[in-house]
Amino acid sequence: MLRGIIRGNIVSTRKQEALVGSKFMEVEIMENGELTGKYVIAVDSVGAGIGETVLITTGSSARLALHNTNAPCDAVIVGIVD
Amino acid sequence: MLRGIIRGNIVSTRKQEALVGSKFMEVEIMENGELTGKYVIAVDSVGAGIGETVLITTGSSARLALHNTNAPCDAVIVGIVD
Amino acid sequence: MLRGIIRGNIVSTRKQEALVGSKFMEVEIMENGELTGKYVIAVDSVGAGIGETVLITTGSSARLALHNTNAPCDAVIVGIVD
Amino acid sequence: MLRGIIRGNIVSTRKQEALVGSKFMEVEIMENGELTGKYVIAVDSVGAGIGETVLITTGSSARLALHNTNAPCDAVIVGIVD
Amino acid sequence: MLRGIIRGNIVSTRKQEALVGSKFMEVEIMENGELTGKYVIAVDSVGAGIGETVLITTGSSARLALHNTNAPCDAVIVGIVD
Numbered sequence: 001m002l003r004g005i006i007r008g009n010i011v012s013t014r015k016q017e018a019l020v021g022s023k024f025m026e027v028e029i030m031e032n033g034e035l036t037g038k039y040v041i042a043v044d045s046v047g048a049g050i051g052e053t054v055l056i057t058t059g060s061s062a063r064l065a066l067h068n069t070n071a072p073c074d075a076v077i078v079g080i081v082d
Numbered sequence: 001m002l003r004g005i006i007r008g009n010i011v012s013t014r015k016q017e018a019l020v021g022s023k024f025m026e027v028e029i030m031e032n033g034e035l036t037g038k039y040v041i042a043v044d045s046v047g048a049g050i051g052e053t054v055l056i057t058t059g060s061s062a063r064l065a066l067h068n069t070n071a072p073c074d075a076v077i078v079g080i081v082d
Numbered sequence: 001m002l003r004g005i006i007r008g009n010i011v012s013t014r015k016q017e018a019l020v021g022s023k024f025m026e027v028e029i030m031e032n033g034e035l036t037g038k039y040v041i042a043v044d045s046v047g048a049g050i051g052e053t054v055l056i057t058t059g060s061s062a063r064l065a066l067h068n069t070n071a072p073c074d075a076v077i078v079g080i081v082d
Numbered sequence: 001m002l003r004g005i006i007r008g009n010i011v012s013t014r015k016q017e018a019l020v021g022s023k024f025m026e027v028e029i030m031e032n033g034e035l036t037g038k039y040v041i042a043v044d045s046v047g048a049g050i051g052e053t054v055l056i057t058t059g060s061s062a063r064l065a066l067h068n069t070n071a072p073c074d075a076v077i078v079g080i081v082d
Numbered sequence: 001m002l003r004g005i006i007r008g009n010i011v012s013t014r015k016q017e018a019l020v021g022s023k024f025m026e027v028e029i030m031e032n033g034e035l036t037g038k039y040v041i042a043v044d045s046v047g048a049g050i051g052e053t054v055l056i057t058t059g060s061s062a063r064l065a066l067h068n069t070n071a072p073c074d075a076v077i078v079g080i081v082d
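Chains G, V, R, A and C are the protein sequences, given in the same order. All letters in the first sequence, in the order written, are residues 1 to 82 by our numbering. All letters in the second sequence, in the order written, are residues 1 to 82 by our numbering. All letters in the third sequence, in the order written, are residues 1 to 82 by our numbering. All letters in the fourth sequence, in the order written, are residues 1 to 82 by our numbering. All letters in the fifth sequence, in the order written, are residues 1 to 82 by our numbering.
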């Protein structure tokens with residue numbers, strides 16, 4: 001899993017129907033408490049906002065965090081770090 | 001998920017039958033709004049064209065965006081960024 | 001699979017319900033016995049603690065090590081290296 | 001998906017039974033039409049040969065291109081680029 | 001798939017029950033016949049030993065090479081290169 005800080009959100013009006021309502025966040029990855037300059041785009045599942053530090057699950061496991069587990073999504077924000 | 005700009009398309013006449021009709025696009029990845037010089041090849045599922053900024057889902061989740069979810073494909077364009 | 005040393009733990013109060021009770025550890029990866037300066041966050045399944053050298057399984061296979069195999073998790077500590 | 005040029009083949013007499021008959025090819029990856037110096041080993045499913053430019057699918061989706069979808073394989077050549 | 005040379009084995013007494021009996025090998029990856037200095041840890045399924053050149057399958061496909069396909073493992077040695 002990855003930890004990172006939400007830097008922004010991405011808007012896509014024309015997209016797969018199963019992704020309608022998804023909030024796409026761009027997250028800067030941290031390792032050992034330091035920012036890496038690498039980014040991933042993840043769908044929020046816990047009500048996280050810009051500037052918050054979050055946990056991200058990637059791959060097919062990510063879909064288990066969504067209401068629609070058949071959505072074509074490979075990265076989901078699954079927790080907010082205290 | 002990844003964000004990037006479609007740079008070109010790739011034509012393959014001789015391919016797996018389940019991929020017939022697929023439009024293969026080469027996409028340059030962006031992170032934090034900047035081009036990275038890294039590329040991925042993804043099948044289009046939303047009618048995207050060259051020069052458009054898109055969202056890509058990778059891995060087994062990508063197949064959920066295709067009509068044929070048994071196609072041997074690991075990356076699909078699932079949205080066009082506004 | 002990956003080998004690494006547990007460097008710390010990460011606390012997330014607000015998270016996916018299926019992850020409640022999970023212990024998130026930040027692990028520094030080793031290759032060929034040397035530290036790499038790269039990190040991964042994994043859920044513990046074997047009672048490992050900070051400073052211990054562990055084995056990590058990533059991807060969808062990781063979930064097979066959890067009580068709840070539907071938890072949205074992509075990395076699990078599956079063994080402690082002697 | 002990846003695009004690359006087949007550079008050679010790899011012979012393995014002693015292998016998993018489900019892989020008997022598989023043709024393992026070493027492929028140099030291209031990005032944006034340029035060689036990267038990175039390589040992947042993929043099983044051929046379309047009759048491709050050394051020197052040809054091909055499309056590769058990786059991960060669990062790759063197996064869908066094989067006769068035996070239970071073969072322990074994570075990369076398959078699924079098309080020849082024109 | 002990956003090709004590499006087995007450099008050593010890793011012993012883990014305290015581990016997930018489904019991994020009991022697994023032989024964990026640390027393998028140095030080769031690309032285009034040259035050593036890369038990168039390593040992966042894989043479970044042996046073909047009786048390979050230190051110094052041998054092997055083929056490795058990663059991800060969920062790897063488990064198909066094991067007797068227990070529910071073992072939490074993401075990399076398996078599936079062949080010995082001639």
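Backbone N, C-alpha and C define an ideal beta-carbon position, used for all residues, glycine too.
Item, Value
"Whole-angstrom distance between S12/A and L19/A, CA atom to CA atom", "10 angstroms"
"Contact residues within the stretch 64 to 80 of chain A, judged by C-beta distance below 8 angstroms to chain C", "N70, A71, P72, C73, D74, A75"
"Span separating the alpha-carbon of A65/C from that of G49/G", "42 angstroms"
"Contacting residues, own chain, Cβ-Cβ under 8 angstroms from L55/C (five flanking each side not counted)", "M1, L2, R3, I77, V78, G79, I80, V81"
"G59/V: contacting residues in chain G (beta-carbon distance under 7 angstroms)", "G59, S60, D74"
"Same chain, Cβ closer than 6 angstroms to E28/C, five either side skipped, listed in chain order", "G4, I5, R7, L35, Y39"
"Interface partners of A42/A on chain C, CB under 9 angstroms", "M1"
"Distance, G37/C Cα to G37/A Cα", "15 angstroms"
"Three-state class that DSSP yields for G59/G in the structure shown", "helix"
"Where the beta strand (DSSP E) through G4/C begins and ends", "2 to 10"
"CB contact below 7 angstroms: T83/V versus chain A", "There is no way to answer for residue 83/V, as the model of chain V reaches only from 1 to 82."
"Cβ separation of V46/C and R14/A, assumed to be a contact under 8 angstroms, to the nearest whole Å", "6 angstroms"
"Rounded C-alpha distance that separates E17/C from K23/V", "45 angstroms"
"Short Cβ contact (7 angstroms threshold) for T58/V with D74/G", "yes"
"Whether N9/C touches M25/C by CB criterion (7 angstroms)", "yes"
"Nearest-angstrom Cα separation, counted from G21/A out to N68/G", "39 angstroms"
"Closer than 7 angstroms to chain G by CB, S12/R", "yes"
"Straight-line gap, N32/A to G51/R (C-alpha atoms, nearest Å)", "43 angstroms"
"Under 7 angstroms from the C-beta of L19/V: neighbouring residues of chain A", "V78, G79"
"Chain-ordered neighbours of S22/R on chain C, where CB pairs are closer than 8 angstroms", "Within 8 angstroms Cβ-Cβ: nothing; S22/R doesn't reach chain C, min ~15 angstroms."
"DSSP beta-bridge partners of V27/V", "I6/V, V40/V"
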